[in-house]
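S.K.: Below is the structure I would like to discuss, written out as structure tokens.
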Amino acid sequence: MSLRLWYSLRVASVDEYQVKLASFEGPLDLLLFLIRRAEVDIHDIPIGAITSQYLEVLKSAQDMDVEQAGEFLVLAATLVEMKSRLLSPKPEHDDSQVLPDASAHEDPRCELVQQLLAYQRFRTAAETLDSLRNEFSNRWSASGVAGAIPADDGEATTVEEVQDLDIGDVHLLDLLEAFERITLAVDFSRLGEHQVTFDDTPIGLHQDDLVDRLARSPEKRMRLEAIFEGRNRMDRIGLFLALLELAREQRIRVRQAQASEPIELELVDGAVSITQ
């Protein structure tokens with residue numbers, strides 16, 4: 001071991017070892033932390049220095065209960081045993097003598113290194129899964145979007161399989177063919193006659209309606225579905241567009257604690273109707 005490496009392992013004062021064992025997920029976690037801090041190869045653990053650091057951590061720990069202490073002390077005893085085996089002289093033998101079992105003289109660190117490598121793999125996998133959980137917790141699924149449209153070959157093409165298209169690359173004939181496939185899949189004939197109505201109600205009136213209803217509601221808060229109750233389809237569309245505009249103008253807040261919980265609307269203090 002080089003003088004620089006030995007110094008880096010021993011220079012830390014006892015005060016720097018005042019760590020809480022509760023922050024480590026077991027003795028292997030603590031040992032892996034010490035190895036990483038020493039910046040040494042996990043396959044070539046300096047047992048002497050690492051054992052001394054490990055024992056100093058246990059000695060200075062004040063928050064270790066009996067059950068927790070047992071796990072850490074077992075590894076401490078293992079480290080001390082390894083240190084003594086590495087310091088003990090190797091038995092001499094003549095070339096003519098039959099060598100004993102090679103496993104009796106193998107590096108005592110091998111088993112510990114394998115445990116640390118396995119623990120490190122599991123911990124890395126756990127951190128990856130936790131990172132993915134945090135990433136996907138901020139994504140919101142749209143129910144009913146994952147339907148399939150039959151393609152020309154009779155197979156279903158899901159939404160996830162559709163690639164992004166540049167509108168400039170789409171020809172009018174492509175749109176006509178796509179619309180024809182949709183009409184064949186939906187069968188509009190069974191829907192009967194459909195009348196398209198035009199509603200010229202200003203979005204501002206729907207905004208005033210929402211603001212007034214929120215102002216009269218308890219705590220100036222109400223659920224999203226409550227604003228659509230008793231309204232026809234055109235009113236619902238107008239109210240939804242008004243909701244988006246009010247949220248853009250930061251006059252109302254739209255909140256949802258979790259994906260499974262209802263969406264709530266809350267009036268921002270000072271928000272007033274447009275007509276006032």
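If you're matching positions, the sequence shown starts at 1 in our numbering and goes up one per residue.
The beta-carbon is built from N, C-alpha and C at its ideal position, and this holds for glycine as well.
Every value quoted in this text rests on a predicted model; they were computed, and no experiment measured them.
Given a threshold of 16 other Cβ atoms within 10 Å of its Cβ, counted over all protein chains shown, does R121 qualify as buried or as exposed?
M.R.: By 1-based counting over the sequence shown, the position of residue 121 is 121. Burial call: exposed.
S.K.: Starting from the Cα of L243, find the closest Cα among K220, L79, A257 and I203 and give me that residue.
M.R.: Along the sequence shown, one-based indexing puts residue 243 at 243. Of the listed residues, the one whose Cα sits closest to L243 is I203.
S.K.: Looking only at DSSP bridge pairs, what is I227 linked to?
M.R.: Along the sequence shown, one-based indexing puts residue 227 at 227. Answer is none; I227 lacks a bridge partner.
S.K.: Does the beta-carbon of G192 have 16 or more other beta-carbons within 10 angstroms, so that it is buried, or is it exposed?
M.R.: As a first step, residue 192 is located in the sequence shown; it is residue number 192 there, counting from the start. By the 10 Å Cβ count, G192 comes out exposed.
S.K.: Pick out the complete alpha helix (DSSP H) segments inside the segment 111-143, 4 residues or longer, and give them in chain order.
M.R.: none
S.K.: Please list, in chain order, all residues of the same chain as V74 whose beta carbon is under 8 Å from its beta carbon, the five residues on each side excluded.
M.R.: Walking along the sequence shown from the start, residue 74 turns up at place 74. Cβ neighbours of V74 beyond the five flanking positions: P27.
S.K.: Name the DSSP beta bridge partners of I252, please?
M.R.: Translated into the one-based positions of the sequence shown, residue 252 becomes position 252. Beta-bridge analysis with DSSP links I252 to L267.
S.K.: Does the distance from the C-beta atom of D199 to that of M222 stay below 7 Å?
M.R.: The sequence position of residue 199 within the sequence shown is 199, counting from 1. The sequence position of residue 222 within the sequence shown is 222, counting from 1. Not a contact, by the Cβ cut-off of 7 Å.
S.K.: For Q114, count neighbouring Cβ atoms within 10 angstroms of its own Cβ and tell me buried if that reaches 16, exposed if not.
M.R.: Counting from one through the sequence shown, the residue named residue 114 turns up at place 114. Answer is exposed; the Cβ neighbour count stays below 16.
S.K.: Would M82 and I50 be called neighbours here (beta carbons separated by less than 7 Å)?
M.R.: For this step, residue 82 is matched to residue 82 along the sequence shown. For this step, residue 50 is matched to residue 50 along the sequence shown. In this structure, I50 does not lie closer than 7 Å to M82 by Cβ.
S.K.: Under a three-way DSSP split, which group does G147 fall into?
M.R.: Position 147 of the sequence shown, counted from the start, is the residue given in the question as residue 147. Annotation note: pLDDT 42 at G147 (below 50); position unreliable, no value reported.
S.K.: Does R233 come out as helix, strand or coil in the three-state DSSP assignment?
M.R.: Working through the sequence shown from its first residue, we reach residue 233 at position 233. Three-state DSSP puts R233 in a helix.
S.K.: In three-state terms, what does DSSP make of R85?
M.R.: For the purposes of this step, residue 85 is identified with residue 85 of the sequence shown, where counting begins at 1. For R85, the three-state secondary structure derived from DSSP is helix.
S.K.: Which partner residues does R221 have in the DSSP bridge list?
M.R.: Counting from 1 along the sequence shown, the entry for residue 221 is found at position 221. According to DSSP, which records beta bridges pairwise, R221 is partnered with E266.
S.K.: Am I right that L265 and I252 are in contact with their C-beta atoms under 8 Å? What's the rounded C-beta distance?
M.R.: To locate residue 265, count along the sequence shown from 1; it is residue 265. To locate residue 252, count along the sequence shown from 1; it is residue 252. Confirmed, Cβ separation roughly 5 Å.
S.K.: Taking the alpha-carbon positions, what's the E111 to S131 distance?
M.R.: On the sequence shown, position 111 is the one that residue 111 refers to. On the sequence shown, position 131 is the one that residue 131 refers to. Computed Cα separation, rounded: 30 Å.
S.K.: Within the continuous alpha helix (DSSP H) that includes D169, where are the two ends?
M.R.: In the sequence shown, counting from the first residue as 1, residue 169 sits at position 169. That residue, D169, is in no alpha helix (DSSP H); it is neither H nor E in DSSP.
S.K.: Check whether the Cβ atoms of L32 and L129 lie closer than 7 Å to each other.
M.R.: Position 32 of the sequence shown, counting from 1, holds the residue named residue 32. Position 129 of the sequence shown, counting from 1, holds the residue named residue 129. No. Outside cutoff.
S.K.: Hey, how far is the Cα of L30 from the Cα of S260?
M.R.: What you label residue 30 is simply residue 30 of the sequence shown in a count that begins at 1. What you label residue 260 is simply residue 260 of the sequence shown in a count that begins at 1. Straight-line measurement puts the Cα of S260 at about 38 Å from the Cα of L30.
S.K.: Would you tell me roughly how many angstroms separate the C-alpha atoms of L205 and E245, rounded to the nearest one?
M.R.: Residue 205 sits at position 205 when you count from the first residue of the sequence shown. Residue 245 sits at position 245 when you count from the first residue of the sequence shown. L205 and E245: Cα-Cα distance of roughly 12 Å.
S.K.: List the endpoints of the continuous alpha helix (DSSP H) containing T201.
M.R.: Along the sequence shown, read from residue 1 onward, the residue named residue 201 stands at position 201. From DSSP, T201 is part of no alpha helix (DSSP H); its letter is neither H nor E.
S.K.: Around the Cβ of L79, are there at least 16 other Cβ atoms within 10 angstroms (buried) or fewer (exposed)?
M.R.: Residue mapping note: residue 79 aligns to position 79 of the sequence shown, counting from 1. Counting Cβ neighbours within 10 Å, L79 comes out buried, since at least 16 surround it.
S.K.: Give the straight-line distance between the Cα atoms of E177 and T183, rounded to the nearest whole angstrom.
M.R.: For the purposes of this step, residue 177 is taken as residue 177 along the sequence shown, with counting starting at 1. For the purposes of this step, residue 183 is taken as residue 183 along the sequence shown, with counting starting at 1. If I take the Cα positions, the gap works out to 10 Å.
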